[in-house]
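J.: Quick one: structure below, then a few questions.
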Amino acid sequence: MKGIARLSFKGGGLILPANTPYEREVLFDYADQCAKRRRRVRVEIDGRECTVVLHRDKPETCASCGQRLNNLTYSIGARNLCRSCASRDLH
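Residues in the sequence shown are numbered consecutively from 0, following numbering that gives the first Met the number 0.
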């Protein structure tokens, strides 16, 4: 369904609206919090997928903008992105 996001993680999942910029911001805030607790969260919006992973080792850089990534990596395909590039890519 268009404008609907699915979050999946070990032990559960959640469906949230993702039509407006505010709804997407809430979605990514929730995905961040889930990844910090469960280490890995899958986000799907309109058939596109992103995996949010908590890393404790050395930080990487975003494949799109080159910004140094914090503990959370947003993987779309083989690319590791920062939150803003992943959000833009999934839109």
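Beta carbons are placed, not taken as given, at the ideal position from N, Cα and C, and that holds for glycine.
Pick out whichever of R38, V42, K35 and G2 has its Cα sitting closest to the Cα of L13.
T.: Within the sequence shown, residue 13 is the residue found at index 14, counting from 1. Per the Cα distances, V42.
J.: By Cβ distance, which residues of its chain are closer than 7 Å to K35, with the 5 residues on each side in sequence left out?
T.: Within the sequence shown, residue 35 is the residue found at index 36, counting from 1. L53.
J.: Since I believe C81 is in contact with C61 (beta carbons under 8 Å), could you give me their beta-carbon distance rounded to a whole number of angstroms?
T.: If you number the sequence shown from 1, residue 61 lands on position 62. If you number the sequence shown from 1, residue 81 lands on position 82. Yes, C61 and C81 are in contact; Cβ-Cβ is about 4 Å, under 8 Å.
J.: Within its chain, find whatever has a CB closer than 7 Å to the CB of A17; leave out the 5 residues flanking it on each side and keep chain order.
T.: Translated into positions along the sequence shown, residue 17 becomes position 18. Contacts found: G2, I3, A4, R23, L26 and I44.
J.: Name the DSSP beta bridge partners of E22, please?
T.: Residue numbering aside, residue 22 sits at position 23 when the sequence shown is read from its first letter. For E22, which the question treats as bridged, DSSP gives no partner whatsoever.
J.: From what residue to what residue does the alpha helix (DSSP H) around R87 run?
T.: Counting from one through the sequence shown, the residue named residue 87 turns up at place 88. R82 to L89 is the extent of the alpha helix (DSSP H) around R87.
J.: Taking the alpha carbon of T72 as the reference point, which residue from D31, K9, Y21 and L89 has its own alpha carbon closest?
T.: Residue numbering aside, residue 72 sits at position 73 when the sequence shown is read from its first letter. Residue D31 is the option with its Cα nearest to T72.
J.: Return the CA-CA distance between K9 and Y29, expressed in angstroms with no decimal places.
T.: Counting from one through the sequence shown, the residue named residue 9 turns up at place 10. Counting from one through the sequence shown, the residue named residue 29 turns up at place 30. K9 and Y29: Cα-Cα distance of roughly 15 Å.
J.: Out of G11, L89, S7 and E59, point me to the one whose CA is closest to G139's CA.
T.: Outside the displayed range of the chain (0 to 90) lies residue 139, so it cannot be described from this structure.
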